[in-house]
Amino acid sequence: MGAPMSEHSTYTPGTGIEKWLDERLPIIRFSKEHLMDFPTPKNLNYWWTFGAILAIMLVVQIVTGVILAMHYTPNVALAFDSVEHIKRDVNGGRIIQAVHSVGASMFFAAVYVHIFRGMYFGSYKAPREILWILGVLIFVLMMATAFMGYVLPWGQMSFWAATVITNIFGAIPVLGNPILELLRGGFSVGNPTLNRFFSLHYLLPFVIAAVVVLHIWALHVPGNNNPIGVDVKSSRDTVPFHPYYTMKDLYGVVLFAIPFAWFVFFAPDILGHPDNYVMANSQVTPAHIVPEWYFLPFYAILRAIDFNILFINSQLGGVIFFGGSIVILFFLPWLDTSKVRSGTFRPMFKWFYWLFVINFLALAYLGAAPAEGVYVILAKICTAYYFAHFIIVLPVLSRIEKPRPLPASISESVLGKAHA
Amino acid sequence: MGGIVSMFKTKTILAAVALVAAFAAPAFAQDHSGPHIEKQSWSFGGLFGTYDQNQLQRGFQVFREVCSNCHGARLIAFRTLAEEGGPHFSEGQVKALAAEYNIADATAEGGTRKGVAADRWPSPFATEQDARDANGGALPPDFSVLAKARGVTDAFPWWITNYFTGYSEGGPDYIHALMNGYHEEVPENAPHAADGTPFALPEGKYYNDYFPGHAISMPPPLQDGAVTYVPGEDGVTVPETVNQYSEDVSAFMMWMAEPGLVSRKETGFKVLLFLVLFAGLMYATKRKIWQGIEH
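Residue numbers (this note's numbering), protein chains in the order written: chain A, 1 to 420; chain B, 421 to 715.
Printed below as a string of structure tokens:
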């Protein structure tokens, strides 16, 4: 598996033109090797289809976004009405806009499944550290893109989210204010903010696409991890990507499209907030400023730090923990040093993994709850546990846990499964 | 296979139980001081819901005769009132209606002209300041998307069911409740201020059960009998009550905010039907291809 992919090549140019092309730009050979022949472990489960689902979602967002940009007006006086114009007057606009806004939620739903799949099956472990790091980078870029996209309809939540989130950067010592003014293009959120967010919201998806290419490249060097986390030992452990996984992934994509379509056609606004149907108004603060659901766990962490830590004030402290909660993901491959990849064979890790998932969901819930009373205390506990999972639980588990015996190979595990 | 499957199920059940527990704990601690808003049975609610044309026409009448004296609807073009799936007035009716309004137009002689079907609904006030001056400092919100800018919050875990029922009628439910939530005097159960003093209604405000903070600037806009409905051709009459008016105008406001609701759902049925059948075919193909591969 570690060998360069060209060794798997079964491509022989069929025609003169193909031969001519192959000597100059072997794009057909490359496609055949990577999209068709690529040896893939035969025991991948449906959680693995989310990679393909995400690739499709990126395309869906870019295509619908390009069309929306043809009709959208990035000006504070016109933006809100131009989105309504798209929904009311543009041919198919109602559906294109709904696909894009619901699509953002579906994209994040899929990326969370993808990330948590990687965490359970140890897909970040050697030799896939770079693959994981690129994935976290894509996640960060997605968050930036989604945040700026949410500002564009220029509703109340758009405006106040922009205000609250840009404020985060203002807490950075010394450089905070210049960064804040650079982000906003002024002293407060206004027309320059909307314009640069529109520009960057159009740019970043293509940056994401580029990092996705690197992500897939980094995947194709060691090949896929798999549910038992045991390396591919022989060609008996794998099947060619096409038609086995092209077909399985396509099935997964179509299944995923069902809840997607449900929201688009039967409840396009249910994932949003009613306040975003009120045009942005800097003079009226909404009763509760709530980010989109996919930011809630991190928003809860940001708000949980409401106390000063030595010379660090609570605002900067919140920013450090908020940033740290994402930065720590980059270090995951070196925090979990257990030699066993798959959680299936780690009796203790398994429990702590699910505890981490529950804790993450609890943070999401707390991010939407008002910052008062019992919620504040719970948010602090959950934030502490979030970090403890990475800094304490995983390193300690790696030392004390006695993993269950691993199957000798994928084929053996698959056969055992069939006979059980 | 059996071992793995049962293990997976145990995991799933454990995760689900823990998830519910994690959510339920803070939910129990939640303070439900806001009044409960009764969900109405709307013709356009649910999977198969469509607008009731007669109701939209009545709602339009209420809007025109009462609401539009103070509230605008700047995104609504007269022509849309003739569209199918909406109030569906005839084109002649809409043209005649538009012609009753004067539209500000700098290119016309004298600065105004008669409305045409392509015009948007004219605002009752020329500027925001004029609107505030006429309404004791308060700004009557524009109606164009107001029905989607309001909502009903359900306590955990009930809002989860909304994702499966596609509940999108929070706006009309709130508006209907608001119209029926007025009190002539501050009621005894009005919330006390933080320092324990009884609820003090500021001058020029009205008490409403459902308005956030209870003190609303809008006087009760609807009274029984205020709008006269024309009986149907078959002689059927509709009650001329605040409750009926508010239902009708809420439905009309929902149509203004979401005029394409019916065609959207129609398309949705086709799309979902296709996807389910297609998924079935994909599954069958996938199975066929994987046949004979132990995995």
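No residue lacks a Cβ here, since even glycine has one placed at the ideal position from N, Cα and C. On a predicted model such as this, the values are computed, not experimentally measured, just so you know.
Shown here for residue 52 of chain A: same chain residues with a beta carbon closer than 7 angstroms to its own, the five before and five after excluded, namely 249, 252, 253 in chain order. Residue ranges of uninterrupted beta strand (DSSP E) with 3 or more members are absent from the segment 250–306 of chain A; none lies entirely inside it. A:411 is the residue among A:411, A:32, A:35 whose C-alpha sits nearest the C-alpha of residue 228 of chain A. A straight-line Cα-Cα distance of about 7 angstroms links residue 391 of chain A and residue 335 of chain A.
The C-beta of residue 463 of chain B comes no closer than 7 angstroms to any C-beta of chain A.
Assignment of residue 19 of chain A by DSSP, reduced to helix, strand and coil, places it in the helix class.
In this structure residue 208 of chain A touches residue 145 of chain A by the C-beta definition: roughly 7 angstroms separates them, less than 8 angstroms.
Secondary structure at residue 347 of chain A: helix, using DSSP grouped into helix, strand and coil. Along the segment 593–643 of chain B, the beta strand (DSSP E) occurs as fully enclosed runs of 3 or more residues at 626–628, listed in sequence order. Counting C-beta atoms within 10 angstroms of its own C-beta, residue 155 of chain A has 16 or more neighbours from the protein chains shown and is therefore classed as buried. Close to residue 568 of chain B, with beta-carbon spacing below 7 angstroms, are these residues of chain A in chain order: 269, 274, 277.
Bounds of the alpha helix (DSSP H) holding residue 195 of chain A are 191–220. Closest by C-alpha distance to residue 281 of chain A, out of B:620, B:559, B:674, is B:559.
The three-state secondary structure of residue 96 of chain A, taken from DSSP, is helix.
Residue contact check for residue 616 of chain B against chain A: no CB pair falls below 7 angstroms.
When C-beta distances to chain A are compared with 8 angstroms, the residues of the segment 584–609 of chain B below that value are 586, 587, 588, 590, 591, in chain order. Boundaries for residue 174 of chain A: no alpha helix (DSSP H) harbours it, and the DSSP string shows neither H nor E there.
Put simply, of B:659, B:636, B:634 the residue whose alpha carbon is nearest the alpha carbon of residue 643 of chain B is B:659. Here DSSP, grouped into helix, strand and coil, assigns residue 522 of chain B to strand. Taking a beta-carbon distance threshold of 7 angstroms, residue 491 of chain B does not count as an interface residue toward chain A.
Residues of the segment 656–674 of chain B that bring their beta carbon within less than 9 angstroms of a beta carbon in chain A are absent altogether. Within chain A, 251, 254, 255, 257, 258 have C-beta atoms less than 9 angstroms from the C-beta of residue 699 of chain B, given in sequence order. Secondary-structure assignment with DSSP links residue 534 of chain B through a beta bridge to B:522.
The Cβ of residue 714 of chain B sits closer than 7 angstroms to at least one Cβ of chain A. Secondary structure of residue 40 of chain A (DSSP, three-state): strand.
In this structure, residue 484 of chain B lies away from residue 668 of chain B, with their beta-carbon atoms at least 7 angstroms apart. By DSSP's assignment, residue 309 of chain A forms a beta bridge with A:312. Close to residue 691 of chain B, with beta-carbon spacing below 7 angstroms, are these residues of chain A in chain order: 261, 265. Taking 7 angstroms as the CB threshold, residue 680 of chain B lines the interface with chain A.
Between residue 243 of chain A and chain B, the shortest Cβ-Cβ separation is below 7 angstroms. Apart from sequence neighbours up to five positions away, the residues of its chain that approach residue 594 of chain B with a beta-carbon distance below 8 angstroms are 457, 570, 571, 572, 630, ordered along the chain.
In this structure, the alpha-carbon of residue 260 of chain A lies about 21 angstroms from that of residue 291 of chain A.
Not flagged as an interface residue toward chain B: residue 290 of chain A, since no C-beta distance is shorter than 7 angstroms. Here the segment 577–588 of chain B lies against the segment 265–272 of chain A, with 3 or more beta-carbon pairs under 8 angstroms apart. Excluding five sequence positions before and after residue 371 of chain A, the CB atoms of its chain that fall closer than 6 angstroms to its own CB belong to 303, given in chain order. By the neighbour-count criterion, in which a residue is buried when 16 or more other Cβ atoms sit within 10 angstroms of its Cβ, residue 232 of chain A is buried.
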